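Engineer: Reminder that position 245 of the sequence shown reads as 272 in the working numbering, one-by-one numbering, no gaps. Think of the CB as a built atom: it goes at the ideal place given N, C-alpha and C, for glycine as much as any other residue. Since this is a predicted model, take the numbers as computed values, not measurements.
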Amino acid sequence: MNGRTLNRREMLTGAALTLAGLSLTTSCASSGAKGTARKKPAGFKLGVCDWTIGRTTQPEAFDVAKRIGLDGVQVDFGRAAEELPLFNPALQQSILDRAAQNQLEVASLAMGTLNDIPYKSDLRTERWVERAVGVCQAMKTDIVLLAFFGNGDLLDDPIGVDATVERLKKVAPKAEKAGVALAIESWLSAPRHLEIIERVGSPAIKVYYDVGNSHLKGYDIYQEIRALGKHIVQFHAKDYDNLYGRGSIDFVRVREAMDDIGYRGWLVMEGTKMPLGVEESCRYDAEYLRTIFPPKV
């Protein structure tokens, strides 16, 4: 890389100054709506995927998240041929207990095994996704990420998309009744995600938006966020090139796009670059994100 590398203090200070400008702009815009009572929006919560910190489907993930200084963890269902580990009520309770001990939350659940055993073609996955709705309720969260990468990729598979739509149509009523979002994360563009949502025709079908993945595919992530709007239920923070703030993702612009769609809530770190080691790299990334996505706005 050409030029001087910024140290941590300079990176965080620069981001904080940018955020100050963002906050001022938002404040001025709000003050222009005279006579309109407006509820103060919630801020942001930062989490991490349990697999990112090497604790997939393990209660100990919450110990690590606490040391890093986060608000919660996205918990994966784990891998198995038939009975996924997180279907075990004893493990669910163990995870909830450890979260409570650390005063943290379950940000959401994730079914990463669908990357290997595709939802579009394997009958087992229909049962898994249906059962995941109940697990969400037990785990005190209302989001389950359905992964569509690897063997489950939908990008150049119209037949797979058709099968996915039909399966989602069957499980969506149960998810709706339970108040659980079935969140698609895939290589698809925003318009193609919207097409699936329209075809299923259920408010339970949402998008889990990963800024790093979509940027890697060449999509304009800042406009995609605006295009998807209310259909985004949660975000992954990711940068394939470097620690956050040093790579290719402009998180200030991500925040601006979130502001435009009214998003407040979880930003879950799924790190790919760990030059400082896992915990220290995640801590660096979290400290950087806090300057742009604070708990109070």
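#1: For a test of the three-state rule: what should DSSP assign to M138, helix, strand or coil?
#2: For V305, I'd like the list of residues in its chain whose CB is within less than 7 Å of its CB, leaving aside the five on either flank, ordered along the chain.
#3: Check the C-beta distance from I259 over to A208 and give it rounded, since I have them as a contact under 8 Å.
#4: What are the start and end residues of each continuous beta strand (DSSP E) run of 3 or more residues lying completely inside the region 152-236, in chain order?
#5: Looking at the structure shown, is K72 part of a helix, part of a strand, or coil, going by DSSP?
#6: Pull up the distance between the alpha-carbon of G179 and that of L172, whole angstroms please.
#7: Do F89 and L131 have their C-beta atoms within less than 7 Å of each other?
#8: Only counting the same chain, and skipping five residues up and downstream in sequence, which positions put a Cβ closer than 8 Å to that of S164?
#9: Got a sec? Which residues, its chain only, sit under 6 Å from V188 by beta carbon, not counting five neighbours each side?
#10: Are the beta-carbon atoms belonging to Y267 and L243 less than 7 Å from one another?
#11: What is the DSSP secondary structure of E331, reduced to helix, strand or coil?
#12: Check this for me: beta carbons of D237 and K265, under 7 Å apart or not?
#13: Find out if the Cβ-Cβ distance for the pair Q101, A137 is shorter than 7 Å.
#14: Does DSSP put K300 in a helix, in a strand, or in coil?
#15: From E225 to V160, what does the alpha carbon distance come to, in whole angstroms?
#16: Closest by CA to G139, which one among I276, R106, V281?
#17: For A43, which residues in the same chain have their Cβ closer than 8 Å to its Cβ, ignoring the five residues on either side in sequence?
#18: Tell me whether A199 is buried or exposed, calling it buried when 16 or more other Cβ atoms sit within 10 Å of its Cβ.
#19: Please report the distance separating the alpha-carbon of A127 from that of G74.
#20: Check A107 in the structure and name its three-state DSSP category.
#21: When the Cβ atoms of the region 245-259 are set against those of the region 213-227, are three or more pairs found closer than 8 Å?
#22: What separation, rounded to the nearest whole angstrom, lies between the Cα atoms of R280 and Y246?
#23: Going by DSSP, which residues form a beta bridge with F262?
#24: Compute the distance between the beta-carbons of I252 and A284, then report whether it is under 7 Å.
#25: Does the separation of the CB atoms of A202 and K147 fall below 7 Å?
#26: Going by DSSP in three states, K323 sits in which element: helix, strand or coil?
#27: Count the other CB atoms within 10 Å of the CB of Y311; is the residue buried (16 or more) or exposed (fewer)?
#28: Going by beta carbon distance, what residues of the same chain come within less than 6 Å of I248, once the five residues before and after it are set aside?
Structural biologist: Walking through what the data contain:
#1: Judged by DSSP in its simplified three-state form, M138 adopts strand.
#2: Here the set comprises I80, G81.
#3: Wrong, their Cβ atoms sit about 10 Å apart, outside the cutoff.
#4: For the region 152-236, the full-length beta strand (DSSP E) segments reaching 3 residues or more read 170-175, 208-213 along the chain.
#5: Note: K72 maps to strand in three-state DSSP.
#6: So the alpha carbons of these two residues sit roughly 13 Å apart.
#7: It is a contact, given that the beta carbons lie within the stated cut-off.
#8: Position check: residue 164 holds Gln in this sequence, whereas Ser was assumed. Cβ within range, chain order: A205, V207.
#9: Apart from sequence neighbours up to five positions away, the residues of its chain that approach V188 with a beta-carbon distance below 6 Å are L181, ordered along the chain.
#10: Cβ distance < 7 Å, so Y267 and L243 count as in contact.
#11: The question about residue 331 has no answer here: the residues shown for the chain are numbered 28 through 324.
#12: Against a cut-off of 7 Å, the Cβ pair of K265 and D237 comes out as a contact.
#13: Closer than 7 Å, so yes.
#14: The answer is coil: DSSP assigns K300 none of H, G, I, E or B.
#15: Their Cα atoms are separated by approximately 21 Å.
#16: Among I276, R106, V281, the Cα nearest to that of G139 is on R106.
#17: Legend: pLDDT at A43 = 44, less than 50; position of this residue unreliable, no value from coordinates given.
#18: Counting every other CB atom within 10 Å of its CB across the protein chains shown gives A199 a total of 16 or more, marking it as buried.
#19: Each residue's Cα considered, the two are about 15 Å apart.
#20: When secondary structure is reduced to three states using DSSP, A107 falls in the coil class, being assigned neither helix nor strand.
#21: As far as the Cβ criterion goes, the region 245-259 touches the region 213-227, which means the pair count is three or higher.
#22: Approximately 14 Å, taken between the alpha carbons.
#23: Paired residues: Y236, L294.
#24: Yes. Within cutoff.
#25: No, they are not a contact pair.
#26: Reduced to three states, the DSSP call for K323 is strand.
#27: A residue is called buried when at least 16 other Cβ atoms come within 10 angstroms of its Cβ; Y311 meets this threshold and is buried.
#28: Excluding residues within five positions, the ones whose Cβ falls inside 6 Å are V238, S241, H242.
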